[in-house]
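Trainee:
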Amino acid sequence: MILASPLFQTVRIRNKCAACFRQFNKIEHLVEHMRTSYHSIHEPMCGICKKHCRSFESLREHLIGPLPKQECKNIFNLRGCKFCLTILDSPNARRIHQERCQFSSGLIGRFANLGFRDNLTMDGYTREPQVVALACKMIGGGSDGSLDLCGKVCIIDEHENMIFHTYVKPQIPVTNCRYETTGIRPEFLRDAMPLKQVQKKIQDFLCNGEPMWKIRPRAGRARILVGHGLDHDLDSLQVEYPSIMIRDTAKYPPLMKTSKLSNSLKYLTQAYLGYDIQTGIQDPYEDCVATMRLYNRMRSQVHRREDCPLASDPQNRNNFASWRQNELERMSPEEMMALSRSDYYCWCFD
Ligand SMILES: [Zn+2]
Ligand SMILES: [Zn+2]
Ligand SMILES: [Zn+2]
Ligand SMILES: [Zn+2]
Numbered sequence: 005m006i007l008a009s010p011l012f013q014t015v016r017i018r019n020k021c022a023a024c025f026r027q028f029n030k031i032e033h034l035v036e037h038m039r040t041s042y043h044s045i046h047e048p049m050c051g052i053c054k055k056h057c058r059s060f061e062s063l064r065e066h067l068i069g070p071l072p073k074q075e076c077k078n079i080f081n082l083r084g085c086k087f088c089l090t091i092l093d094s095p096n097a098r099r100i101h102q103e104r105c106q107f108s109s110g111l112i113g114r115f116a117n118l119g120f121r122d123n124l125t126m127d128g129y130t131r132e133p134q135v136v137a138l139a140c141k142m143i144g145g146g147s148d149g150s151l152d153l154c155g156k157v158c159i160i161d162e163h164e165n166m167i168f169h170t171y172v173k174p175q176i177p178v179t180n181c182r183y184e185t186t187g188i189r190p191e192f193l194r195d196a197m198p199l200k201q202v203q204k205k206i207q208d209f210l211c212n213g214e215p216m217w218k219i220r221p222r223a224g225r226a227r228i229l230v231g232h233g234l235d236h237d238l239d240s241l242q243v244e245y246p247s248i249m250i251r252d253t254a255k256y257p258p259l260m261k262t263s264k265l266s267n268s269l270k271y272l273t274q275a276y277l278g279y280d281i282q283t284g285i286q287d288p289y290e291d292c293v294a295t296m297r298l299y300n301r302m303r304s305q306v307h308r309r310e311d312c313p314l315a316s317d318p319q320n321r322n323n324f325a326s327w328r329q330n331e332l333e334r335m336s337p338e339e340m341m342a343l344s345r346s347d348y349y350c351w352c353f354d
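Going by the numbering used here, the sequence shown opens with residue 5, and the numbers climb by one from there.
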């Protein structure tokens, strides 16, 4: 029944990766590819051909360009959301969806009404664990003003309410307030809260009564911390926080440009939320809101639940072990895919 070159056909189909559709001449090369690619159901996926992509950026390329897959692009143009890259049922459904998917920047008016809050032990923020976002605006220290010092810090809750917002008085002299972007003047810092005090307040607030060494994901009172490039922010605040509690939009693989390169928060907000930030004088509140919106969008992705979702979970350690090579080479691409697990923690687990 099989017509031309049956062997060639079988080989081709058998050696096609079930996730990214790359094809391999030899089955052992596909096994090697699966061993190192950590494909999973948590990867961004094309709603049309079901191809898995490492990041939303590569999915965007697949759907929009510069080198799109033509069939997918055509359907995407009709009923794809250009922000979250989901495919809807009809052009009309897309229109309704996209209106909800795009955020507006209408923050400035709201922000003006909030004023400054520097008390981190307010009612309602002392109890159960929750997610908060933090951002700093940096001013300059050192002889040439290039040393980043935190001049203003903001923390918000999941509903974009400001919890903490204050100028910070650095421990070393400020040589450049970077007024054009920060809107900070030297006199604002004169009576500002000293860095040591800010550090202690934030540290206590994040840990929420939990000793640092005891903090475990999903098991205690410590809060999940959202931000963009948080290493730098926490450094400047001299705050230490365990990485298991950190959700950084600069380091989350689906939101990165490549496996090593982050996207800027400005770009992510424009591309995935549909509005502009960081124009003119900037407030850290705006960055907090953008990171929280990105976090909520990533967290609300619907992915299948798995008992042991990470490649590093003990149950998965041997999935692609070299001593299983023969067994793996007899598997279909789909069977291999079923064994494959993610190498990053997907935020849909939160
Ligand atoms: Zn693949
Ligand atoms: Zn997921
Ligand atoms: Zn596709
Ligand atoms: Zn959308």
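We put the CB at the ideal spot given by N, CA and C, even for glycine.
1) Could you tell me which uninterrupted alpha helix (DSSP H) segments, each at least 4 residues in length, are contained entirely in the segment 67–104, listed from first to last along the chain?
2) Check this for me: beta carbons of Ile248 and Pro215, under 7 Å apart or not?
3) Taking the alpha helix (DSSP H) that His236 falls in, what are its first and last residues?
4) How many Å lie between Ile206 and Gly233 at the Cα?
5) Report whether the distance from the Cβ of Cys53 to the nearest heavy atom of ligand 2 is below 6 Å.
6) Quick one: give me the first and last residue of the alpha helix (DSSP H) that Tyr245 is part of.
7) Using CA atoms only, rank isn't needed, just tell me which of Glu61, Ala275 and Ala223 is closest to Gln134.
8) Considering only C-alpha positions, which residue in the set Cys140, Met260 and Gln74 is nearest to Val243?
9) Taking 8 Å as the cut-off, does the segment 259–271 touch the segment 86–94 (at least 3 CB pairs, one atom from each stretch)?
10) Are the Cβ atoms of Thr3 and Ala137 separated by less than 7 Å?
11) Please classify Gly231 as buried or exposed, where buried requires at least 16 neighbouring CB atoms within 10 angstroms.
12) Considering Cα atoms alone, identify which of Asn96, His236 and Pro70 is closest to Asp152.
13) Using a strict less-than 5 Å threshold between each residue's beta carbon and the heavy atoms of ligand 5, what residues do you get?
14) Got a list of residues with beta-carbon closer than 6 Å to any non-hydrogen atom of ligand 1, in chain order?
15) Using a 10 Å radius around the Cβ and a threshold of 16 neighbouring Cβ atoms, would you call His163 buried or exposed?
16) In angstroms with no decimal places, state the Cα-to-Cα distance between Asp252 and Ser59.
17) Helix, strand or coil for Glu339, going by three-state DSSP, please let me know.
18) In chain order, what residues of the same chain lie with their CB nearer than 8 Å to the CB of Asn300, ignoring the 5 residues before and after it?
19) Report all residues for which the CB-ligand distance to some heavy atom of ligand 4 is below 7 Å; order them along the chain.
20) Taking the alpha carbon of Glu36 as the reference point, which residue from Arg328, Ile188, Cys350 and Asp354 has its own alpha carbon closest?
21) If you run the structure through DSSP and keep just helix, strand and coil, what is Pro288?
22) Between Asn117 and Leu265, what straight-line distance do the alpha-carbon atoms span, to the nearest angstrom?
23) CB of Lys77 to nearest heavy atom of ligand 3: below 6 Å?
24) Using 8 Å as the cut-off, can you tell me whether the segment 181–189 makes contact with the segment 313–323, which would need three or more C-beta pairs spanning the two stretches below that distance?
25) Who pairs with Met302 in a beta bridge, going by DSSP?
26) Should Cys50 be listed as close to ligand 3, given that the test is whether its C-beta is under 6 Å from any heavy atom?
27) Assign Pro2 to buried or exposed, taking buried as 16 or more other Cβ atoms, counted over all protein chains shown, within 10 Å of its Cβ.
28) Whole-angstrom Cβ separation of Ala23 and His43, contact assumed at under 8 Å?
29) I need the boundaries of the beta strand (DSSP E) containing Asn330, first residue and last residue.
30) Compute the beta-carbon to beta-carbon distance between Cys2 and Leu241, rounded to the nearest angstrom, for a pair I have assumed lies under 8 Å.
31) Quick check on the DSSP output: what are the complete beta strand (DSSP E) runs of length 3 or more inside the segment 137–175, in order along the chain?
32) If we call anything under 7 Å between Cβ atoms a contact, is Ile167 one with Ile176?
33) If you draw a straight line from the C-alpha of Ile281 to the C-alpha of Val178, how long is it?
34) Under three-state DSSP, which class holds Gln134?
35) Any idea what DSSP makes of Ser109, helix, strand or coil?
Mentor: On the basis of the supplied data:
1) 74–83
2) no
3) Leu234 to Leu241
4) 17 Å
5) no
6) Unbroken run through Tyr245: none, as it is neither H nor E.
7) Ala223
8) Cys140
9) no
10) Examination of residue 3 is not possible in this model, given that the chain is present from 5 through 354 alone.
11) buried
12) His236
13) This structure lacks ligand 5; its bound ligands are ligand 1, ligand 2, ligand 3 and ligand 4.
14) Cys21, Ala23, Cys24, Arg26, His37, Ser41 and His43
15) exposed
16) 15 Å
17) helix
18) Glu162
19) Cys85, Phe87, Cys88, Thr90, His101, Gln102 and Cys105
20) Arg328
21) helix
22) Because the pLDDT of Asn117 is 47, which lies under 50, any placement of that residue in the model is unreliable, and the question is left without a value.
23) no
24) no
25) DSSP, once it has assigned bridges, lists no residue as partnering Met302.
26) yes
27) Because the chain here runs from 5 to 354, residue 2 falls outside it and cannot be looked at.
28) 4 Å
29) Asn330 -> not in any beta strand (DSSP E); alpha helix (DSSP H) instead, spanning Gln329 to Glu333.
30) Outside the shown range of the chain (5 to 354) lies residue 2, about which nothing can therefore be said.
31) 151–160 and 166–173
32) no
33) 26 Å
34) coil
35) coil
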